[in-house]
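Peer 1:
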Amino acid sequence: MKRENPRTKIFNRRAALLVGGQVGLFGLLVGRMYFLQVVEAEKYKVLADENRINLRLLAPPRGRLLDRFGEPLAMNQLNYRVVVVPEQTGSVAQTLDVISHILPLSDSDRRRIMREVARKRRFLPITIKDNLTWEEVSAIAVNAHDLPGVSIESGSSRFYPNGPELAHVVGYVAPPSEADLTGDPLLELPDFRIGRNGIEKVYDLALRGKAGSSQIEVNAAGRPIRELARVEGESGQDVVLTIDLHLQKMLAQRLAQERSAAAVLLDVHTGEVLALASSPSYDPNEFSKGISPSLWRALLRDERHPLINKAVSGQYAPGSTFKMMTALAALEAGVIAPETHVFCRGWVELGDNRFHCWKRGGHGAVDMVDSLKHSCDVYFYELARRLGIDRIAQMARRFGLGQTVGIDLPGERAGLIPTRDWKRATLGQPWVQGESLVAAIGQGYVLATPLQLAVMTARLVNGGYAVRPRLTRDKIIDRQIVEREPETWPSIGVPPQHLAIILRGMHGVVNDPRGTAFRARITDPEFAMGGKTGTSQVRRITAEERRNGLRKPDEIPWRERDHALFVGYAPVNNPRYAVAVIVEHGGGGSTAAAPIARDILWEAQRRARERPEPLTRVAEKGTERAL
Amino acid sequence: MSLLSSQVTTRRSQMTLLQKIGQVNWGLIFLLTVLASVGFAALYSAAGGSFEPWAGRQMIRFAVGVVLMVGIAVIDLRFWYRFAYLFYGVALVLLIAVEVAGSIGMGAQRWLDLGVIQLQPSELMKISLVLVLARYFHGLTIEQIARPHYLIWPALLVLAPAALVAKQPDLGTAILIMATGGTLFFLAGVRLWKFGIIIAATVAAIPIGWQFLRDYQKQRVYTFLDPESDPLGAGYHIIQSKIALGSGGLWGKGFMQGTQSQLQFLPEKQTDFIFTMFSEEMGFFGGLFLLGLYVLIMLYGTLIAMRSRSQFGRLMAMGIMTSFFIYAFINMAMVMGLLPVVGVPLPLVSYGGTAMMSLLIAFGLVINVYVHRDLNIGRRGQLEEA
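Going line by line, the protein sequences match chains E and G.
Each residue of the first sequence is one higher than the one before, counting from 1482 in this note's numbering.
Each residue of the second sequence is one higher than the one before, counting from 830 in this note's numbering.
1) Can you grab the Cα-Cα spacing for the pair Q938 (chain G) / S951 (chain G), in whole Å?
2) Give the DSSP-derived three-state secondary structure of I2081 (chain E) in the structure shown.
3) DSSP state of F2047 (chain E), grouped into three classes?
4) Any idea which residues DSSP pairs C1838 (chain E) with across the strands?
5) Give me, in chain order, the residues of the same chain whose beta-carbon lies closer than 8 Å to that of S1179 (chain G); leave out the 5 immediate sequence neighbours on both sides.
6) Under 8 Å, Cβ to Cβ, is there at least one residue of chain G near Q1503 (chain E)?
7) Compare the C-beta of E1521 (chain E) against all C-beta atoms of chain G and say whether one is closer than 8 Å.
8) Please report the distance separating the alpha-carbon of G1502 (chain E) from that of Q1089 (chain G).
9) Around the Cβ of I2063 (chain E), are there at least 16 other Cβ atoms within 10 angstroms (buried) or fewer (exposed)?
10) With distances taken from CA atoms, which of G:Q848, G:M844, G:L861 is nearest V1195 (chain G)?
11) With DSSP as the reference, identify every bridge partner of C1825 (chain E), one or two as the case may be.
12) Cβ of F1492 (chain E) less than 8 Å from any chain G Cβ?
13) Pick out the complete alpha helix (DSSP H) segments inside the segment 840 to 885 of chain G, 4 residues or longer, and give them in chain order.
14) How far does the alpha helix (DSSP H) with I1027 (chain G) in it extend, from its first residue to its last?
15) Check the C-beta distance from G1923 (chain E) over to S2017 (chain E) and give it rounded, since I have them as a contact under 8 Å.
16) My assumption, with CB atoms under 8 Å, is that T1676 (chain E) sits in contact with K1854 (chain E). Please give the rounded CB distance.
17) Answer yes or no: do Y1926 (chain E) and P1950 (chain E) have a C-beta to C-beta separation smaller than 8 Å?
18) Is the CB of A975 (chain G) under 8 Å away from at least one CB in chain E?
19) Residues of chain G with a CB under 8 Å from the CB of L1709 (chain E): which are they?
20) What does the alpha-carbon distance come out to for the pair E1552 (chain E) and P1585 (chain E)?
21) Quick check: what's the CA-CA separation for V863 (chain G) versus A975 (chain G)?
22) Along chain G, in chain order, which residues have C-beta atoms closer than 8 Å to that of K1524 (chain E)?
23) In chain E, what lies closer than 7 Å to R1143 (chain G) by C-beta?
24) Check each residue of the segment 1509 to 1520 of chain E: if its Cβ is closer than 8 Å to any Cβ of chain G, include it; give the result in chain order.
25) Does the CB of V1124 (chain G) have a neighbour CB from chain E at under 8 Å?
26) Does the CB of V1566 (chain E) have a neighbour CB from chain G at under 8 Å?
27) Is any heavy atom in the ligand SAM found nearer than 7 Å to the beta carbon of G1551 (chain E)?
28) Bridge partners of R1562 (chain E), per DSSP?
29) Pull up the CB-CB distance for S1137 (chain G) and A1146 (chain G), whole angstroms please, since I reckon it's below 8 Å.
30) Does chain E have any CB closer than 8 Å to the CB of A1162 (chain G)?
31) Would you kindly work out how many angstroms separate the C-alpha atoms of G2011 (chain E) and I1973 (chain E), rounded to a whole number?
32) Give a yes or no on whether the C-beta atoms belonging to V1936 (chain E) and L1747 (chain E) are separated by under 8 Å.
33) When you compare the CB positions of M1876 (chain E) and A1810 (chain E), do they come within less than 8 Å of one another, or not?
34) Pick out whichever of E:R1707, E:G1652, E:E1713 has its Cα sitting closest to the Cα of M1556 (chain E).
35) Taking 8 Å as the threshold (beta carbon to beta carbon), is T1009 (chain G) in contact with chain E?
36) Assign A1798 (chain E) to one of three DSSP states: helix, strand, or coil.
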């Protein structure tokens, strides 16, 4: 080599320095890599897994509702919806234009879709329309080539095959509201529905089931790549109701002939509700679909209150159907003997007030059985005068009135059985005797639900056992459905001979030619029914009206007409069924309510013969039966 | 070493083309090919096991680039010396053209659309600057270098393009241009205390310069200082990169098994973050291998520079190698969270046609220095045989 000029020397020295520095800096990188990939590797491995694994809940299928013979009352139905994935279509607006030729889309639908498009990530499907008919599904399938990014998805929705006929029993489901969110992630699933009313509400937890889960590997955008693990959930449990679908439908259709009515049919020994209907009704399927605001408003505004289950929530003055309570109280108190006659001249006077019998001319001399048969008010005014309100109230409470009887439906009301204490406590006024007279014939303060009247009737005819009504054959313990053990009802302590007198009267109401409901009797002696009519005044009849002569029912506006009531049982020789019917503003109990009771009792007995079920008697504990 | 003790049997100035090709440093080309192949494999994996859309194109570009590289290597060194200012001038004009008529891309004007290709003048400038500074310092004696007024001209040569690029705004490249220029000053023998003054002045200027930064540039610095402060925004890249790297562990998750990269958690995995993806799949040892390759190439290039008889050749080779190093270092330090996120690709590995081409052109110049290692160029560019 030649002599190195100083420039070369400097260059070589500095180049070596430079490359040395570079290698040193790379050493720094190695150190950093060591720190990240060796020292802290575990921490980052955990972070990496959290990054990529997305836990998803799988909604379990909701349990079905079945009638006592296994007929489905509520089930899950495949439902088809058309969805669009925005990233797969050129323009969502354009796609909607094309779709609207196949499916009518309202402006509000369009606004909702565009709102979701703006909010959601572009690969997530957005529902265009739910609950497609088969025709709509095929129309979209045929036009698939014009609709990029549009597809049909299937989901599950609640379906009530009997629609309005069972609405008040099964209730309905709806998406959870903010207030329902308990932190259970299941509730936040988009398709999840919770029971909002009826059995769906009461047994909601058991019907829901347990959510499954699916571990899905996702990419940074949240798009699923593959499923890593899957834990299947548990479907909700089926709930078997005591309802007999056949009787239920028959009752619902029968009530639908009236403007507004409700009825309950019970097995008097077990308390099982065979049919329970309130009319007018609504279609619960509308709720699982998502009810339209206009329909919702219409239901709320209807003066006949279709959303209210009048069988358990409607409180009415029971009218003459209450007279059995007054009679039993009198027998128990010994204030009258059954064969003692009271003379009815059409009215009684108490102080300055005159209390009228429904029959203007009066019934003449009547004993207890006659008084029930003819529904003589004066006889019961006399009993009330001798008894006072408290003893009547005490008897009524033993028959389930004035308190909730504990059916497994929401919205059950307690009715009202007034006492002296009650009046003082709530109204701050002393009881006056005239109010006892009015209460004795089931008017005034006295209120009862149709369910309570049915229970009262059942307790009258089953030998005096405090049967409670129920809608399911099972009950829920700790979110699980367990079969109910046969229950034994306590005796309510009314002597059988007293009950026998009452039942003679109730037999006469229907089967004696002079009975108030003779025209509604069942002629087949094997199926014969007993019962009691009731007519409850909606407004007070003024003295002036009475002087001018009572108006004919069809001259009175509907809202001011009397409620028609009837409680009945059958067969008379060995009662098994009890029924309570109310026809709101239906006029007289004998003409409007009794025929409905007759029809359902007749059908129940005919059906029992056609499809016999073992009779479950109330456990008898050595007590002698009344019948 | 065999590299330095090759037999000088012919006069370098009169070598035939064939002889020159024989002198081409195939060892360096081999190392570059290995490095590029790591890139191909990583791009293949980044595409989820497909040559489309990246690996295949990258391979074609590399093949074309290697031919170009050899072509550049055998052109007489004095050609590059002679036309250094012309190249620099063209690059500067193009930079201005970008400023005037550049199309908007990635929020910054960097590309010049020439119809056939999109040209990034800053790439051209990086090489031209090395050429022009190497030529300038080649002509200075050690005494001249010691005089400050001789440094004014080269300082302008550095600052003009740096200012233009910074205005684009591409701060990362501007800093790279300044660093490359500074390296050449250093190698040429400028006194160290002068660097001290420059560095002190720069530090003093930082608070003033900060006000001229764009918001997104400030944000990048903030994010670098505290990535967790904005985990879904600007800090996302750094956090995800560290997660991917760290979860790779010692041995990696295996080729094409990098969950973070394959599942798109890692942004721009085929370009700026390719080292992260590679290290996630190949682990610490894979990363070491890649770093080792870079070190080998750097050492190789340094030896080539030292072996050259001409100051021009030495400065050019070493300038290019240092620039290469800075790129590699900044990219890797960035993905490891040691430096702010700046858009700097990993040389020869990241996907990108312009970067690949300019790198191979630059290595062509390095090999050119080796081919013409015994060529002496006079202070004024005349031939001086050893």
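Backbone N, C-alpha and C fix where the C-beta goes; we use that ideal spot for every residue, glycine too.
Peer 2: Reading it off the structure:
1) For Q938 (chain G), the predicted structure reports a pLDDT of 48, less than 50, and the residue's modelled location is therefore unreliable. A value from the coordinates is still provided. Answer to the nearest angstrom: the Cα atoms are 11 Å apart.
2) helix
3) strand
4) Answer is none; C1838 (chain E) lacks a bridge partner.
5) G868, Q1099, T1100, D1101, I1103, N1160
6) yes
7) Chain G, which has a Cβ nearer than 8 Å to the Cβ of E1521 (chain E), makes this yes.
8) 33 Å
9) buried
10) When only C-alpha atoms are compared, the closest one is G:L861.
11) E:G1845
12) yes
13) 846 to 852, 855 to 875
14) Residues 1021 to 1039.
15) 7 Å
16) In the sequence under discussion, the amino acid at residue 1676 (chain E) is Gly, which differs from the Thr named in the question. That belief does not hold up - the Cβ atoms of G1676 (chain E) and K1854 (chain E) are roughly 45 Å apart, past 8 Å.
17) no
18) no
19) Those within 8 Å of L1709 (chain E) in chain G number zero; the least Cβ separation is about 11 Å.
20) 35 Å
21) 42 Å
22) G1075
23) Within 7 Å Cβ-Cβ: F1492.
24) Correct list: L1509, L1510, V1511, R1513, M1514, Y1515, L1517, Q1518, V1519.
25) yes
26) no
27) Absent from the structure shown: the ligand SAM. Ligands present: none.
28) E:E1634
29) 6 Å
30) So yes, A1162 (chain G) belongs to the interface.
31) 21 Å
32) yes
33) yes
34) E:G1652
35) no
36) coil
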